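Input: a single structure, listed below in structure tokens.
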Amino acid sequence: MLGKLRKNIRDLGYLTPVALVCTFMPIVGSTLLLMFIMPIGHWLRDNWEIGILVFLAGTLFFCGLALLPTNIIGIVSGWAFGFEVGLLVLMCGVIGSSFISFVINSRISGGHFPKVIEKYPRSTAIYKALLKEDLKKTTMIIILLRMSVIMPFALTNFLMAASRAPIRAFLIGTAVGMLPRSAAMVFIGSGLSELDLANGSETYLYLFGLVATIVSVAVIAVISRKALERLTREEASAEA
């Protein structure tokens, strides 16, 4: 297993640090955000007119540079702005930060990544599906990848940019695929009277929302994984 990991790292070459940053920096960022989540949330709620713009700008910057994930900020958005406005602002930030990340990672990756994934049959099948002229199928692949719970937001941005996915399909797929989990996080935040995840009086509400979110996202993930496997099998069969 370690030998396979070392081989993958060698194959990626200079893209390895980028992939690691996209995987682990959002975890570090979310840990730091939790330390200041209450004062930030209260300021956004008390100054919601300008707070919406500040939240949007922060999402574009921090998520666009792979410094934060979208789940924690979704809870903050729901608590500060309510479900409807919170979801709208969050989705604008998600789509915008995806575009920023896509542009940056496209410049960094160049044409190296396609040469690497040619060594892996399943990845090659997905890659070829992404580059087909059929925009609907390409978009569906990206939607399914976005719905997968094992694919971090920033890492998916990197993989899609490095794979040279069409930008139109990428943005549409991101908007549709990120909507379920984003709505779930905003819904949890909008149901809290205080932005304190350790508040005992609301633990039941948070836990109920969390369990419901995990179940719903898991169901979506299973469905998306099976659909993705079916699409890649069809692609591999067509190539054969």
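Read left to right, the sequence shown gives residues 18 to 257 (my numbering). Think of the CB as a built atom: it goes at the ideal place given N, C-alpha and C, for glycine as much as any other residue. All values reported here derive from a predicted model rather than from experimental measurement.
Do you know whose CA, among the options, lies nearest residue i's CA?
{"i": "V203", "options": "P56, V38 and L107", "result": "L107"}
{"i": "A36", "options": "A83, W60 and R62", "result": "A83"}
{"i": "T156", "options": "A171, P183 and T173", "result": "P183"}
{"i": "V71", "options": "F170, G103 and L51", "result": "G103"}
{"i": "I189", "options": "T76, M42 and C109", "result": "C109"}
{"i": "E66", "options": "L152, F98 and V133", "result": "F98"}
{"i": "R163", "options": "H129, V45, G81 and L196", "result": "L196"}
{"i": "A9", "options": "K153, C39 and V38", "result": "The chain is shown only over 18 to 257; residue 9 falls outside these bounds and no answer can be derived."}
{"i": "C80", "options": "S165, F41 and A200", "result": "F41"}
{"i": "S114", "options": "G75, L176, D151 and G68", "result": "G75"}
{"i": "V193", "options": "N174, L161, I69 and I121", "result": "L161"}
{"i": "C39", "options": "I54, I121 and G91", "result": "I121"}
{"i": "A200", "options": "G46, G91, L73 and V45", "result": "G91"}
Can you tell me whether residue i is buried or exposed? The criterion is at least 16 other CB atoms within 10 Å of its CB, across all chains shown.
{"i": "V111", "result": "buried"}
{"i": "T48", "result": "exposed"}
{"i": "V93", "result": "buried"}
{"i": "M52", "result": "exposed"}
{"i": "T33", "result": "exposed"}
{"i": "P43", "result": "buried"}
{"i": "R198", "result": "buried"}
{"i": "S180", "result": "buried"}
{"i": "G127", "result": "exposed"}
{"i": "E135", "result": "exposed"}
Provide the residue span of the alpha helix (DSSP H) that contains residue i, from first to last.
{"i": "A182", "result": "Segment: none, A182 is in no alpha helix (DSSP H) and carries neither H nor E."}
{"i": "M157", "result": "L152 to M164"}
{"i": "M42", "result": "L32 to M52"}
{"i": "P86", "result": "Per DSSP, P86 belongs to no alpha helix (DSSP H) and is neither H nor E."}
{"i": "G208", "result": "Note, G208: premise wrong, no alpha helix (DSSP H); not H, not E."}
{"i": "M168", "result": "Premise fails: M168 is in no alpha helix (DSSP H) and is neither H nor E."}
{"i": "E101", "result": "F100 to S126"}
Taking 8 Å as the line, does the beta carbon of residue i fall inside it for any heavy atom of the ligand FAD?
{"i": "F116", "result": "Ligands in the displayed structure: none, and consequently the ligand FAD is not present."}
Suppose the cutoff is 7 Å on Cβ atoms and the five residues either side in sequence are ignored; what does the same chain contact list for residue i look like?
{"i": "L50", "result": "L85 and I89"}
{"i": "F116", "result": "L188"}
{"i": "F100", "result": "V203, F204 and S207"}
{"i": "F119", "result": "N174, M177, A178, I184 and F187"}
{"i": "I125", "result": "V35"}
{"i": "F130", "result": "L32, A179 and S180"}
In its own chain, which residues sit with a C-beta less than 8 Å from the C-beta of residue i, not counting the 5 before and 5 after it?
{"i": "W96", "result": "G58, R62, G103, G206, S207, L209 and L212"}
{"i": "I159", "result": "L147, M177, A182, A186, F187, I189, G190, T191 and G194"}
{"i": "L77", "result": "G110, G113, S114 and I117"}
{"i": "S218", "result": "Low per-residue confidence applies at S218: pLDDT is 47, beneath 50, and the placement is therefore not dependable, though the value from the model is reported in the following sentence. Once the five neighbours on either side are set aside, S218 has no close Cβ partner at all."}
{"i": "G46", "result": "F79, L84, L85 and P86"}
Sorted by chain position, which residues of the same chain lie with C-beta nearer than 6 Å to residue i's C-beta, five sequence neighbours on each side aside?
{"i": "S123", "result": "A178"}
{"i": "I69", "result": "V106"}
Any contact between the region 60-67 and the region 167-175? By contact I mean 3 or more CB pairs, one from each, below 8 Å. The way I'd put it, the region 60-67 doesn't touch the region 167-175; fewer than three beta-carbon pairs between them come closer than 8 Å.
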